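Trainee:
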Amino acid sequence: MNVGQIFETSLRLAGDRLKKHYRITPFDERYKKEASRKVVFSELYEASKQTKNSWVFEPEYPGKSRIFDGRTGDPFEQPVLIGKSYILKLIHQVDEKIHGHSTGPYSLVTQQPVRGRAKQGGQRVGEMEVWALEGFGVAHIL
54 MNVGQIFETS
64 LRLAGDRLKK
74 HYRITPFDER
84 YKKEASRKVV
94 FSELYEASKQ
104 TKNSWVFEPE
114 YPGKSRIFDG
124 RTGDPFEQPV
134 LIGKSYILKL
144 IHQVDEKIHG
154 HSTGPYSLVT
164 QQPVRGRAKQ
174 GGQRVGEMEV
184 WALEGFGVAH
194 IL
């Protein structure tokens, strides 16, 4: 997870408890130092206070909570982040990505096709790919 995802998860936990939705502009650090962190922690504190759930915001480790082992009842060594994270499936459009190369520009050094669709290049065959093709007995396609 990156820092933005951690803030998002924590803010969503506060929002779920307070029945609120948030919209924060990207790069809000331009306006005030640690602006995102202050918003997230203040909302977690408010959620903890209003719902009377002290685990939502613990001052010793803000944004994290202690969880307990279900078998022994002992707390785990480190506090953890609790919350829901937004995940979107990235759908690639094959029609936009498909590219072929039969003849065209080649690198003078490697005698391989140049890289990239923008340069009318092709897919380079590396040493391991050559070994795989040889292993399957189809080295003649090289």
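Residue numbers (our numbering): 54 to 195.
Each residue gets a CB set at the ideal place from its N, CA and C atoms; glycine is no exception.
On a predicted model such as this, the values are computed, not experimentally measured, just so you know.
1. Who does F121 pair with in a DSSP beta bridge?
2. By alpha-carbon positions, which one of W184, R90, I135 ends up nearest to R119?
3. Leaving out five residues before and five after E130 in sequence, what residues of the same chain have Cβ atoms less than 8 Å from its Cβ?
4. Is the beta carbon of A100 sitting closer than 8 Å to the one on V109?
5. Report the residue from E61, H145, E87, R70 whose alpha carbon sits nearest the alpha carbon of R76.
6. Residues in the same chain with beta-carbon distance under 7 Å from L64, minus the five sequence neighbours each way, listed in chain order, please.
7. So what does DSSP say about V50, is it helix, strand or coil?
8. Which of helix, strand or coil does DSSP assign to Y98?
Mentor: So, from the data block:
1. Taking the first residue of the sequence shown as 1, we reach residue 121 at position 68. P128, per the DSSP bridge assignment.
2. By one-based count along the sequence shown, residue 119 stands at place 66. The shortest C-alpha separation from R119 is found at I135.
3. Position 77 of the sequence shown, counted from the start, is the residue given in the question as residue 130. If you ignore the 5 residues before and after E130, its C-beta comes within less than 8 Å of no other C-beta in its own chain.
4. On the sequence shown, residue 100 is found 47 positions in, with the first residue counted as 1. On the sequence shown, residue 109 is found 56 positions in, with the first residue counted as 1. In this structure, the beta-carbon distance from A100 to V109 falls below 8 Å.
5. Counted from its first residue, the sequence shown places residue 76 at position 23. It is E61 whose Cα lies nearest to the Cα of R76.
6. The sequence position of residue 64 within the sequence shown is 11, counting from 1. Hits under 7 Å: Y75, V93, E96.
7. With the chain running from 54 to 195 in the structure shown, residue 50 is simply not present.
8. Translated into the one-based positions of the sequence shown, residue 98 becomes position 45. In the structure shown, Y98 adopts helical secondary structure according to DSSP, grouped into three states.
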